[in-house]
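Asks:
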Amino acid sequence: MRTVRDLIRANYQSLTRSERKFAQALLDNYPSAGLASITAAAGNADVSVPTVARMVNKLGFKGYPQFHQALLQELEAKASGPTQRRANWASEAPETHHLNRFAETVTQNIGQTFANIDTEQFDAAARLLSDTDAHLYVVGGRITQALAGYAFTHFQAVRERVTHMTPSSATWPHYVLDMEEGDILMMFDIRRYETNLIRLAEIAADHGVHVVLITDQWVSPAAEHAEHTFTCWVEIPSAWDSNVATMMLLEALIAAVQEECWPRIRDRYERLEQLFNATHLFHKSG
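Straight run, no breaks: the sequence shown in the working numbering ends on number 471.
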């Protein structure tokens, strides 16, 4: 299901100047700005009530109440735990085999994720992540720490100066202490968003660190402090969210950074292989 934020982005070019003013006010304080009455929402954005009504219609809603309800459902989806997610899917599950439903949903998630990536922003993030003059820090949350570990392993091979921050937020001040202006923090945060990660993004940004956030379609509040934010569709017929689309985006970023720095990286790979051979890390048949 597309979020109101997605609908605004998709229809932005068709909005009038006053409608864009309300749209921007909503995006700046999302979704709270749209949870008030239509009169209050219009007044807060300094536009007329008819302006809000027209914009809502352009987004595909029959009226402001339906628009308001969509935002409330997004809030509920953000906060939902595994039990509620399972109940939501169970009530809507089509009568097909679970494997088919799962594969179809994951495929849709991947398509939706990549369809909503701004290519210019993707290229800018790849250039940023390839800058070895800056130190790259990688961190994830309770579930997404696995993604952070995967990112660290690959970026450590691709470039110099990479640090995997531990999952314990009690240790994070020590990392921030060494962060310098121009460094990079790659962060993974999906619902239910972790307070410590949001605070870390804020502190890092205040120190002049470039924050690259990979989050879900509802968007972590850490995005307020991020220079680049990528949204991945994660909902599946399960009590848990899926990281398949998130992993594909991450691998696309890793590949883009690799290409950005070739042939310097090729030399690094060759030296790494020599070290692997010297330590007999991998089994060789014959």
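C-beta: ideal position from N, C-alpha, C; glycine also.
Run through DSSP, which three-state label would residue 391 get?
Replies: Looking at residue 391 - three-state DSSP - the assignment turns out to be helix.
Asks: If the criterion is Cβ atoms closer than 7 Å, does the pair residue 396 and residue 314 meet it?
Replies: Not a contact, by the Cβ cut-off of 7 Å.
Asks: What is the DSSP secondary structure of residue 468, counted as helix, strand or coil?
Replies: Residue 468 falls in the coil class under three-state DSSP.
Asks: Going by CA-CA distance only, name the one from 222, 365, 201, 190 that's closest to residue 211.
Replies: Cα-wise, what sits closest to residue 211 is 190.
Asks: How far does the beta strand (DSSP E) with residue 338 in it reach, from first residue to last?
Replies: Where residue 338 is concerned, there is no enclosing beta strand (DSSP E), although the alpha helix (DSSP H) it sits in stretches over 330 to 343.
Asks: Could you say which of 468, 439, 406, 421 lies nearest to residue 335 if we only look at CA atoms?
Replies: Of the candidates 468, 439, 406, 421, the one whose C-alpha sits nearest the C-alpha of residue 335 is 439.
Asks: Can you confirm whether the region 242 to 253 touches the region 283 to 298 when touching is taken to mean that 3 or more C-beta pairs between the two stretches lie within less than 8 Å?
Replies: Verdict: no, contact absent.
Asks: At 4 residues or longer, and completely inside the region 188 to 230: list those alpha helix (DSSP H) runs for me, N to C.
Replies: The qualifying runs are 189 to 196, 202 to 213, 223 to 230.
Asks: For the candidate residues 236, 333, 238, whose alpha-carbon lies nearest to that of residue 435?
Replies: Looking at the Cα atoms, 333 is the closest of the given residues.
Asks: Indicate the three-state DSSP secondary structure (helix, strand or coil) for residue 323 in the structure shown.
Replies: If DSSP states are grouped into helix, strand and coil, residue 323 belongs with the strands.
Asks: Considering only residues of the same chain and omitting the five flanking positions on each side of residue 200, which have a CB-CB separation below 7 Å?
Replies: Within the same chain, residue 200 has close Cβ partners 208, 240, 243.
Asks: If contacts are defined as beta-carbon pairs under 8 Å, then residue 392 and residue 409 qualify, I think. What distance do you get, rounded to the angstrom?
Replies: Contact doesn't hold; Cβ gap of about 16 Å is too wide.
Asks: From residue 319 to residue 421, what distance separates their C-alpha atoms?
Replies: Rounded to whole angstroms, residue 319 to residue 421 spans 37 Å at the Cα level.
Asks: I need the boundaries of the beta strand (DSSP E) containing residue 372, first residue and last residue.
Replies: That run of the beta strand (DSSP E) goes 369 to 374.
Asks: Using only the alpha-carbon positions, how far apart do residue 453 and residue 337 sit?
Replies: Cα to Cα, the separation comes out at about 16 Å.
Asks: Are residue 236 and residue 204 closer than 7 Å when you measure CB to CB?
Replies: Yes. Within cutoff.
Asks: If you drop the 5 nearest sequence neighbours on each side, which residues of the same chain put their C-beta closer than 8 Å to that of residue 259?
Replies: Hits under 8 Å: 188, 189, 216, 403.
Asks: For residue 226, which residues from the same chain have a beta carbon less than 7 Å from its beta carbon, with the 5 sequence-adjacent residues on both sides left out?
Replies: The answer, listed in chain order, is 218, 219, 237.
Asks: Do residue 349 and residue 323 have their C-beta atoms within less than 7 Å of each other?
Replies: Their beta carbons are under 7 Å apart, which means residue 349 touches residue 323 by this criterion.
Asks: Give the C-beta separation of residue 383 and residue 406 to the nearest angstrom, bearing in mind that I take them to be a contact with Cβ-Cβ under 8 Å.
Replies: That belief holds up - the Cβ atoms of residue 383 and residue 406 are roughly 5 Å apart, short of 8 Å.
Asks: Could you say which of 398, 297, 228 lies nearest to residue 429 if we only look at CA atoms?
Replies: Nearest of 398, 297, 228 to residue 429, Cα basis: 297.
Asks: Quick one: using the 10 Å Cβ neighbour count with 16 as the cut-off for buried, is residue 288 buried or exposed?
Replies: Label assigned to residue 288: exposed.
Asks: Quick check: what's the CA-CA separation for residue 363 versus residue 347?
Replies: Straight-line Cα distance between these residues: approximately 13 Å.
Asks: Span of the beta strand (DSSP E) holding residue 415?
Replies: Segment 413 to 417, the beta strand (DSSP E) holding residue 415.
Asks: When the Cα atoms are used, what is the spatial distance from residue 414 to residue 399?
Replies: Answer to the nearest angstrom: the Cα atoms are 6 Å apart.
Asks: Going by DSSP, name the residue or residues bridged to residue 398.
Replies: Answer is 372, 414.
Asks: For the alpha helix (DSSP H) that residue 359 lies in, which residues bound it at each end?
Replies: Looking at the DSSP string, the run of the alpha helix (DSSP H) that includes residue 359 is 357 to 363.
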